[in-house]
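A.B. asks: So the sequences go chain by chain: R and W.
The first sequence: position 143 = 143 (the numbering used here), numbered continuously.
Plus 365 on top of the position in the second sequence (first one is 1) and you've got the numbering used here.
Even glycine gets a Cβ: it sits at the ideal position worked out from N, Cα and C.
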Amino acid sequence: MQQKKYNNVRATLAIAKASFRSILRSPSAVIFTLAFPLIFILVFGFIGGGGVRVDVGVDKASDLENPVYQALQSNRLIHLITTQTEEEMQANLSKGRLDAMINISKNAEGQKPAYRIDLQTTKASINGGAIMKSVLNNILYEMNMQGIEPSYAELKETTVEGREYKTIDFILPGQLGFSLLSTGIFGTAFVFLSLRIQLVIKRFFATPVQRYSIILGEALSRMAFALIGALFIICIGHFFFGFTLINGVRTVVDMLLLSALGLVVFMGLGFVVSGIAKNESSVPPIANILTLPQFLLSGTFFSVSAFPEWLQPVSRALPLTYLNDALRKVAFEGASLLDVSHQVLVICAWGVGVYLVAVKVFKWE
Amino acid sequence: MKENKIISVKNLVKNYGDFQAVKGISFDVFEGEIFGLLGPNGAGKTTTLEIIETLRDKTSGEIMVDGFDVDKYPSAIKQRIGVQLQAAGYYPNLNLTELIELFCGLYGIDVKPMEMLDKVSLRDKARAKYKELSGGQKQRFSIATTLINNPRIVFLDEPTTGLDPQARRNLWDLITTIRNNGTTVVITTHYMDEAEVLCDRVALVDNGKVVVIDTPNNMIDELVNSGFERKKEVKKATLEDVFIQLTGKAWRE
Numbered sequence: 001m002q003q004k005k006y007n008n009v010r011a012t013l014a015i016a017k018a019s020f021r022s023i024l025r026s027p028s029a030v031i032f033t034l035a036f037p038l039i040f041i042l043v044f045g046f047i048g049g050g051g052v053r054v055d056v057g058v059d060k061a062s063d064l065e066n067p068v069y070q071a072l073q074s075n076r077l078i079h080l081i082t083t084q085t086e087e088e089m090q091a092n093l094s095k096g097r098l099d100a101m102i103n104i105s106k107n108a109e110g111q112k113p114a115y116r117i118d119l120q121t122t123k124a125s126i127n128g129g130a131i132m133k134s135v136l137n138n139i140l141y142e143m144n145m146q147g148i149e150p151s152y153a154e155l156k157e158t159t160v161e162g163r164e165y166k167t168i169d170f171i172l173p174g175q176l177g178f179s180l181l182s183t184g185i186f187g188t189a190f191v192f193l194s195l196r197i198q199l200v201i202k203r204f205f206a207t208p209v210q211r212y213s214i215i216l217g218e219a220l221s222r223m224a225f226a227l228i229g230a231l232f233i234i235c236i237g238h239f240f241f242g243f244t245l246i247n248g249v250r251t252v253v254d255m256l257l258l259s260a261l262g263l264v265v266f267m268g269l270g271f272v273v274s275g276i277a278k279n280e281s282s283v284p285p286i287a288n289i290l291t292l293p294q295f296l297l298s299g300t301f302f303s304v305s306a307f308p309e310w311l312q313p314v315s316r317a318l319p320l321t322y323l324n325d326a327l328r329k330v331a332f333e334g335a336s337l338l339d340v341s342h343q344v345l346v347i348c349a350w351g352v353g354v355y356l357v358a359v360k361v362f363k364w365e
Numbered sequence: 366m367k368e369n370k371i372i373s374v375k376n377l378v379k380n381y382g383d384f385q386a387v388k389g390i391s392f393d394v395f396e397g398e399i400f401g402l403l404g405p406n407g408a409g410k411t412t413t414l415e416i417i418e419t420l421r422d423k424t425s426g427e428i429m430v431d432g433f434d435v436d437k438y439p440s441a442i443k444q445r446i447g448v449q450l451q452a453a454g455y456y457p458n459l460n461l462t463e464l465i466e467l468f469c470g471l472y473g474i475d476v477k478p479m480e481m482l483d484k485v486s487l488r489d490k491a492r493a494k495y496k497e498l499s500g501g502q503k504q505r506f507s508i509a510t511t512l513i514n515n516p517r518i519v520f521l522d523e524p525t526t527g528l529d530p531q532a533r534r535n536l537w538d539l540i541t542t543i544r545n546n547g548t549t550v551v552i553t554t555h556y557m558d559e560a561e562v563l564c565d566r567v568a569l570v571d572n573g574k575v576v577v578i579d580t581p582n583n584m585i586d587e588l589v590n591s592g593f594e595r596k597k598e599v600k601k602a603t604l605e606d607v608f609i610q611l612t613g614k615a616w617r618e
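(1) Give every residue of the same chain whose Cβ lies closer than 7 angstroms to the Cβ of G351/R, excluding the five residues on either side of it in the sequence, and list them in chain order.
(2) When DSSP labels each residue in this structure, what does T553/W get in the three-state scheme?
(3) Taking only three categories from DSSP, how would you classify K360/R?
(4) Establish whether the CB of A224/R and some CB of chain W are separated by less than 7 angstroms.
(5) Would the C-beta of T548/W count as close to the ligand SAM, meaning under 6 angstroms from any of its heavy atoms?
(6) If we cut at 7 angstroms on Cβ distances, does D448/W have a partner in chain R?
(7) For chain W, check one thing: does any of its Cβ atoms lie closer than 7 angstroms to the Cβ of Y6/R?
(8) Suppose you measure from the CA of I236/R to the CA of P37/R; what does that come to, to the nearest Å?
(9) Over the uninterrupted beta strand (DSSP E) stretch that includes E427/W, give me the two end residues.
(10) Around the C-beta of P379/W, are 16 or more other C-beta atoms found within 10 angstroms, so that it is buried, or is it exposed?
(11) Return the CA-CA distance between A408/W and G573/W, expressed in angstroms with no decimal places.
(12) Residues of chain W with CB under 8 angstroms from V361/R, in chain order?
(13) Which two residues bound the contiguous beta strand (DSSP E) that contains A568/W?
(14) Based on the DSSP output, what are the partners of R116/R in its beta bridges?
(15) For N460/W, which residues does DSSP report across the bridge?
(16) Give me the residue from E280/R, A260/R, T251/R with the minimum Cα distance to S336/R.
(17) Rounding to the nearest angstrom, what Cα-Cα distance links E497/W and G353/R in this structure?
(18) 7 angstroms is my cut-off, CB to CB: does S440/W come that close to chain R?
(19) Based on DSSP bridge pairs, tell me the residues matched to F520/W.
(20) Span of the beta strand (DSSP E) holding I78/R?
(21) What three-state label does DSSP hand F241/R in the structure shown?
(22) Per DSSP, what kind of secondary structure is K410/W in: helix, strand or coil?
(23) Exposed or buried, K95/R, counting other C-beta atoms within 10 Å across all chains shown (16 or more means buried)?
(24) Closer than 6 angstroms by C-beta to N92/R: which residues in its own chain qualify, once you throw out the five before and the five after it? Chain order, please.
(25) Helix, strand or coil: which one does DSSP assign to A331/R?
(26) In three-state terms, what does DSSP make of L257/R?
(27) For the beta strand (DSSP E) containing D55/R, list its first residue and its last residue.
(28) Just the Cα atoms here: how many angstroms apart are K60/R and E87/R?
(29) Under 7 angstroms between C-beta atoms, does E218/R make it to chain W?
(30) Let me make sure I understand the geometry here. Which of G401/W, T413/W, G397/W, D538/W has the alpha-carbon closest to that of G389/W?
(31) Would you mind working out which of P319/R, V209/R, I289/R sits nearest L258/R, comparing C-alpha positions?
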C-alpha cells in the first residue's frame, strides 16, 4: 500500500470535491453568486421593456369609440388609464403620477370637426405632457390630412430594422460580472483565511499533500460553482426575459470563457484579501473596498459613459468594466473573443498585477 | 525486547528569534511502545513534536523517523505517520464521512469511512459536522483521521486536555488499543497520572530540556529508594476512582 506512488491529482480533486460540497452548503456563497444577481435581474427584467412611458388618464365621460382613441391605444409610448375617478386623476395629475388627462367628445352629427379633444397636462411632468402633445399632434395630423395634398412639405419616415436593445441585455452581463467578482473575492478570501486560522491547512500539511494542490483544488471548485451559477443566470435571462444570445450556444460558451478569465483575476484579489486580513471580521471591510467601487463604477447598472467625465478614467481603469464590456459585446453584438481582445488583454494585465501582489502577501500559517 | 528505534532525536534545538524554545533535546522512541513527552505548558513539547512531524523547521539537531531523515524525506515521513494537532480544525460544512473521504484523497489511500468511524465508536455521528461534536468526540475523530493511512507511528498532542474523566479514560483505552494493534504512539501531556497509566516510557521535559527518560515505574521506585516520602499517607484509590465507580464508565456523549 505504501509503495504506491503518491497521487497529486487525486489529492487535488479530493480538495476540490470537499470545497465544492462546502460551498453548496454555505448560505453566503449561494446568496452572492445566485440570489443577489437574480433579484436584480428580476427587478430590472420586470421594470424594463423600453424606457419612456406616458401615463394618461382618460375622463369617464370620454367617447371611447373613435379612431383617435384607438390610435392612442395602439401607441406603445402611451399608457391609458381608465380606472381612476375624476378626483383621483386631478390629484395624481398635480403630483405628477399622471402625465396628462384626456377627454374626447363627439360633436353634433354633421358638424365639423367631428371630434373635440381636451388635453390637460401638468407642470409636475413637463416632459410627459410634451410627449403626449406630440403623439396626439402626429395622430391628428395624419387623420386631418387624409385626401389632402400637402401644400408646403411632406414628411416621409423610415425606421432602420435593428435588434431591440432591451434592459436585460444591459443588466444581465453587469450582474454576471458582479456575481463573479463577489464569488471570487469574498469566497476565496473567507475560505483561505478560515482554513488558516482554524489550522485546517496545518492539518493538511501533516499529510503528503502539496501546496499547489490546495490552491488548485479550491480554485477548481470555485470555478465550477461560479460557471454553473453563470450558466444558470444566462439561462434564466434568456428564457424568461429574452436576453439576447446572438450566436446561441457559441455565445454562451464565449461568455463562460470570459467569466472563467474574470474569476481567475478576482480570485487573485481574494488571495490578497486573505493575506492582508487578520481575522474573519476584517475580511468584509477589505473586500468591500475592492468590490463596491467596481460594483458602482464598472457599468454594472449604468453605462460608464453616463458618468461625469472626471470619473470615467477611474471606471476605465477597473477590471470589471472590461469584463462587463466584453460580455455585452459578445452577447448582444455577437463579437468573437478575438473582437474583444483589447478587453481580454486589460483583464489579463490586471491578473498579472494581482497575482504578483498575491504571491507577496499570501500566508499559509 | 523492544530495542528497535523507530524515532531518534539528537541534540534538537529550536530558536524563535532570541528565545530558545528547545535547548538540545535527545531521546529515542522504540517500535511498539507508547512514549510520553511529559511536562508543563511551554516546556517545548509541542514544538518538539511538530519538528518530528515535519511541520516545523528546526534550528539544529538530527532526527530520523522510521529510517528517514526529516530534512531529506519529509514527504516519505508524512506518508507513514499520523498526526493529531492541538486544536486543529477540519474543513467547514462537511460531515465526518466526507471529512474522512477528503483525508483518503489527501493520503491517496482507500478506506471505508464507516470502518474508521467504528474504530473510534463514532458510527452514529457519521452525518454530523465536526463542530457539532462534544470535546471527547472531537478528539476521537481527530485520532480516527490519524489512522487513515495505516501509519507506523501516531503523534497525539495533548489529546485528553479538557476532557471529563469518562472521556479521558476511554481515550486511554483507545490509545492502548492502537498500540496493541502494532502502531507506535508518541503522546504529549501535562497530566502525571495519565503518563503513569498510559505510557511505557516517559521523557520529562522542562524548560526546553529533557530532565530524565525512563519507565514511570522506575522513576517512582528510584525516588522512593532515595528516601522520599509523601507528606500525606497514600490511599489505595483517588477521588477520580470514586467518581468513576459511582457514575459508571459509560461514555457520556
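C.D. replies: According to the data block:
(1) V264, V265, G268
(2) strand
(3) helix
(4) no
(5) The ligand SAM is not part of this structure, which contains no ligands at all.
(6) Residue 448/W is actually Val in this sequence, not Asp. So, interface residue.
(7) Yes - at least one Cβ of chain W is within 7 angstroms of the one on Y6/R.
(8) Going from the Cα of I236/R to the Cα of P37/R covers about 11 angstroms.
(9) 425-430
(10) Strictly speaking, residue 379/W in this sequence is Lys, with Pro absent from that position. With 16 or more other Cβ atoms within 10 Å, it is buried.
(11) C-alpha separation (whole angstroms): 5 angstroms.
(12) When 8 angstroms is used as the limit between beta carbons, V361/R is near no residue of chain W, the shortest such separation being about 22 angstroms.
(13) 566-571
(14) S105/R
(15) K494/W
(16) If we check each option's Cα against that of S336/R, T251/R comes out closest.
(17) 42 angstroms
(18) yes
(19) V448/W, V551/W.
(20) Residues 78-81.
(21) helix
(22) helix
(23) exposed
(24) L98
(25) helix
(26) Judged by DSSP in its simplified three-state form, L257/R adopts helix.
(27) 54-58
(28) 11 angstroms
(29) no
(30) T413/W
(31) P319/R
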